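Novice: To start, I am sharing the structure in question, which I have written as structure tokens.
Structure follows, in structure tokens:
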């Protein structure tokens, strides 16, 4: 596996432990500690937290001398969408038959929006085919996947449609041009090699960090594999082994990592209450429950 980036690890951490639960804000020092176990230095973690705040995924607050981070509504929506595939029973199967095609036009002055859109499309299995035309296998739920971007997209910025292959016009060469199938195979084999090793549970000082690393690697693999139809693969295609490896290791780490996360949250300092006009402490704002939306 390649070097794990702090952004991947932080999104894995919040997606695994925060998006479903009422945990309240997480201390920056706790996040730094978890990522240090994955060989990420504290300055890199702080810089990445700043970028996630700037991009609207996280919100920053303070309690005394502690800096705290929590998911925003946008961050919750993004991670919920990812969680649906992360925990799905068949994460490498196409969604339906045929192909989904998308073309879009984003003004030059909105490069960040263009980057976010391309990142979302890549996560959903799209690859650029030619002349601004993007292709994905199956029937992609674009309405759901683009919901976090909906209010930012200009009117009529995208055109999308579902298509099927016509006799006499085979799509195989286009598929092999859009996706490097051998590179996808290599990504699966690298994941299996790392996480099928029993010693993987000890690659970091804590089960919480190891689980965060596992989910970060799983997210990277899901992003690399567009869920192409079986006819483009061979009988030894390793996707099933990857899924089995992930679930087996995730189950092994679940109990100790959940206990460590509970300790981490319990160690969070009490939020200092502000004094109201009468000098008495004002009531803290209630914490909203976050439930996963069924899909």
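In the working numbering, the protein residues as written are 12 to 306.
For every residue, glycine included, the Cβ atom is placed at its ideal position computed from N, Cα and C.
All values reported here derive from a predicted model rather than from experimental measurement.
Flag residue 202 as yes when its Cβ comes closer than 7 Å to any non-hydrogen atom of the ligand COA, and as no otherwise.
Specialist: Absent from the structure shown: the ligand COA. Ligands present: none.
Novice: Check this for me: beta carbons of residue 53 and residue 43, under 8 Å apart or not?
Specialist: Here residue 53 refers to the residue found at position 42 when the chain shown is read from its first residue. Here residue 43 refers to the residue found at position 32 when the chain shown is read from its first residue. Their beta carbons are under 8 Å apart, which means residue 53 touches residue 43 by this criterion.
Novice: Among the residues of its own chain, which have a CB less than 6 Å from the CB of residue 139, if the five just before and after it don't count?
Specialist: As a working mapping, residue 139 is identified with position 128 in the chain shown. Same-chain partners within the cutoff: 145.
Novice: Taking residue 130 as part of the alpha helix (DSSP H), name the residues at either end of that continuous run.
Specialist: Here residue 130 refers to the residue found at position 119 when the chain shown is read from its first residue. 122 to 134 is the span of the alpha helix (DSSP H), which, as asked, contains residue 130.
Novice: Which residues mark the beginning and the end of the beta strand (DSSP E) in which residue 72 is found?
Specialist: Stepping through the chain shown from its first residue, residue 72 is reached at position 61. That run of the beta strand (DSSP E) goes 69 to 74.
Novice: Quick test of your reading: residue 19 and residue 230, contact by CB under 8 Å. State the CB separation rounded to the nearest angstrom.
Specialist: One-based indexing of the chain shown puts residue 19 at position 8. One-based indexing of the chain shown puts residue 230 at position 219. Confirmed, Cβ separation roughly 6 Å.
Novice: For my contact list, residue 86 and residue 69 are in at a C-beta cut-off of 8 Å; report their separation, rounded to the angstrom.
Specialist: Here residue 86 refers to the residue found at position 75 when the chain shown is read from its first residue. Here residue 69 refers to the residue found at position 58 when the chain shown is read from its first residue. Rounded, the Cβ-Cβ distance is 6 Å, consistent with contact.
Novice: Quick one, are the C-beta atoms of residue 136 and residue 147 less than 8 Å apart?
Specialist: Within the chain shown, the letter at position 125 stands for residue 136. Within the chain shown, the letter at position 136 stands for residue 147. For residue 136 and residue 147, yes; Cβs fall inside 8 Å.
Novice: With distances taken Cα to Cα, identify the nearest neighbour of residue 240 among 51, 192, 160, 156.
Specialist: Residue 240 sits at position 229 when you count from the first residue of the chain shown. Among 51, 192, 160, 156, the Cα nearest to that of residue 240 belongs to 192.
Novice: What did DSSP end up calling residue 14 once you bin it into helix, strand or coil?
Specialist: Walking along the chain shown from the start, residue 14 turns up at place 3. It is coil, neither helix nor strand.
Novice: Which one of 160, 107, 77, 108 has the shortest CA to CA distance from residue 117?
Specialist: Position 106 of the chain shown, counting from 1, holds the residue named residue 117. Of the listed residues, the one whose Cα sits closest to residue 117 is 160.
Novice: DSSP three-state label for residue 64, please.
Specialist: The sequence position of residue 64 within the chain shown is 53, counting from 1. Helix at residue 64.
Novice: On the CB-based measure, 16 or more other CB atoms within 10 Å of its CB, does residue 224 come out buried or exposed?
Specialist: For the purposes of this step, residue 224 is taken as residue 213 along the chain shown, with counting starting at 1. Result: buried.
Novice: From residue 95 to residue 89, what does the alpha carbon distance come to, in whole angstroms?
Specialist: Within the chain shown, the letter at position 84 stands for residue 95. Within the chain shown, the letter at position 78 stands for residue 89. The alpha-carbon atoms of residue 95 and residue 89 are separated by roughly 10 Å.
Novice: Between residue 64 and the rest of its own chain, which residues show a CB-CB distance below 6 Å, the 5 nearest in sequence each way excluded?
Specialist: On the chain shown, residue 64 is found 53 positions in, with the first residue counted as 1. 71.
Novice: Would you decide whether residue 236 is buried or exposed? Buried here means 16 or more other CB atoms lie within 10 Å of its CB.
Specialist: If you number the chain shown from 1, residue 236 lands on position 225. Here residue 236 is buried. Its C-beta has 16 or more other C-beta atoms within 10 Å.
Novice: Which of helix, strand or coil does DSSP assign to residue 180?
Specialist: Sequence index remark: in the chain shown, residue 180 carries index 169 (1-based). Of the three classes helix, strand and coil, the one that applies to residue 180 here is coil, per DSSP.
Novice: Please specify which runs of the alpha helix (DSSP H), each continuous and at least 4 residues long, are wholly inside the segment 155 to 240, giving them in chain order.
Specialist: Within the segment 155 to 240, the complete alpha helix (DSSP H) segments at least 4 residues long are 183 to 189, 192 to 206, 218 to 235, listed from N- to C-terminus.
Novice: Between which two residues does the alpha helix (DSSP H) containing residue 151 stretch?
Specialist: The count along the chain shown starts at 1 and reaches residue 151 at position 140. Segment: none, residue 151 is in no alpha helix (DSSP H) and carries neither H nor E.
Novice: Let me check understanding here. Comparing Cα to Cα, which of 174, 114, 25 lies closest to residue 132?
Specialist: Here residue 132 refers to the residue found at position 121 when the chain shown is read from its first residue. Of the listed residues, the one whose Cα sits closest to residue 132 is 114.
Novice: Could you name the residues of the same chain whose beta carbon sits closer than 7 Å to that of residue 8, not counting the 5 residues immediately before and after it, in chain order?
Specialist: This structure leaves residue 8 out entirely; the chain is present only between 12 and 306.
Novice: Given a cut-off of 8 Å, decide if residue 103 and residue 39 are closer than it, judged by their beta-carbon atoms.
Specialist: Translated into positions along the chain shown, residue 39 becomes position 28. Translated into positions along the chain shown, residue 103 becomes position 92. No, the Cβ-Cβ distance between residue 39 and residue 103 is not below 8 Å.
Novice: Determine whether the beta carbon atoms of residue 232 and residue 202 lie at a separation below 8 Å.
Specialist: The residue you call residue 232 lines up with position 221 of the chain shown. The residue you call residue 202 lines up with position 191 of the chain shown. Cβ distance < 8 Å, so residue 232 and residue 202 count as in contact.
Novice: Going by other Cβ atoms of all chains shown within 10 Å of its Cβ, with 16 needed for buried, is residue 209 buried or exposed?
Specialist: Locating residue 209 in the chain shown gives position 198, counting from the first residue. Result: exposed.
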